[in-house]
Amino acid sequence: MVNGIPQPAFYIFKCQQSAPPGMPKPSCVKADDPESQQLFQHLAQTLMQKGIIGTVTPIQTGCLNRCQQGPVMLVEPGHTMYVGLTKDKISRIIDEHIIGGNVVEEYVIPAEAWGEPIAPASMAR
Ligand code: FES
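Using the numbering used here, the first residue of the sequence shown is number 16, and each one after it goes up by one.
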């Protein structure tokens with residue numbers, strides 16, 4: 016057995032993309048929506064308060080291509096895409112999914128917007 020530094024149990028990729036002003040396309044962080052700007056901080060602070068930051072690693076990422084459903088974040092492992100996020104929803108996801116082990120199905124992206132992945136081996140040239 017190797018006694019190394021433990022790998023994280025989860026990575027949480029929070030989309031931090033904000034569309035430039037005047038851009039018609041929706042984005043996860045919006046200039047006119049202060050809560051959308053505070054979601055990553057809320058995620059990181061809640062993980063800290065619960066003492067689980069590190070084994071749960073929050074990552075700020077660019078567009079995850081589900082902008083219509085934003086704000087979004089992806090939980091790995093599990094490939095779970097959460098959409099329409101608020102601070103309250105993030106708190107519940109941490110309690111019920113990250114700590115409790117049960118995906119919060121009502122916040123997960125609808126199946127029609129999250130089809131099965133295409134195997135890279137089937138596309139590679
Ligand atoms: S801007 Fe967040 S998914 Fe595209």
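Virtual Cβ for every residue (Gly too), placed ideally from N, Cα, C.
Neighbourhood of residue i by C-beta, 8 angstroms cutoff - its chain only, sequence neighbours within 5 removed
i: T95; result: L89, H112, V118, V123
i: I74; result: Y26, I27, F28, K29
As assigned by DSSP and simplified to three states, the class of residue i
i: T61; result: helix
i: L89; result: strand
i: P49; result: helix
i: C30; result: strand
i: P132; result: coil
Reference residue i, options the options, closest by Cα
i: K65; options: G115, P132, C82, P49; result: G115
i: E91; options: F28, N18, Q22, I20; result: F28
i: L79; options: G37, P49, C30, Q22; result: C30
Own chain, CB closer than 7 angstroms to residue i, minus 5 neighbours either side, in chain order
i: S42; result: Q32, S33, A34, C82, G85
i: K106; result: At residue 106 the sequence reads Ser, which differs from the Lys that was named. T61.
Residues near residue i by beta carbon distance below 6 angstroms, same chain, minus five either side
i: L62; result: I68, V71
Practice task
Just jot down, in chain order, the residues whose CB lies closer than 6 angstroms to any heavy atom of ligand 1.
Solution key: In chain order, the qualifying residues are C30, Q32, S42, C43, C78, L79, N80, R81, C82, G85, V87.
Problem - Any beta strand (DSSP E) of 3 or more consecutive residues that is wholly inside the stretch 94-119 - result: Listed in chain order, the complete beta strand (DSSP E) runs (minimum 3 residues) inside the stretch 94-119 are 95-97.
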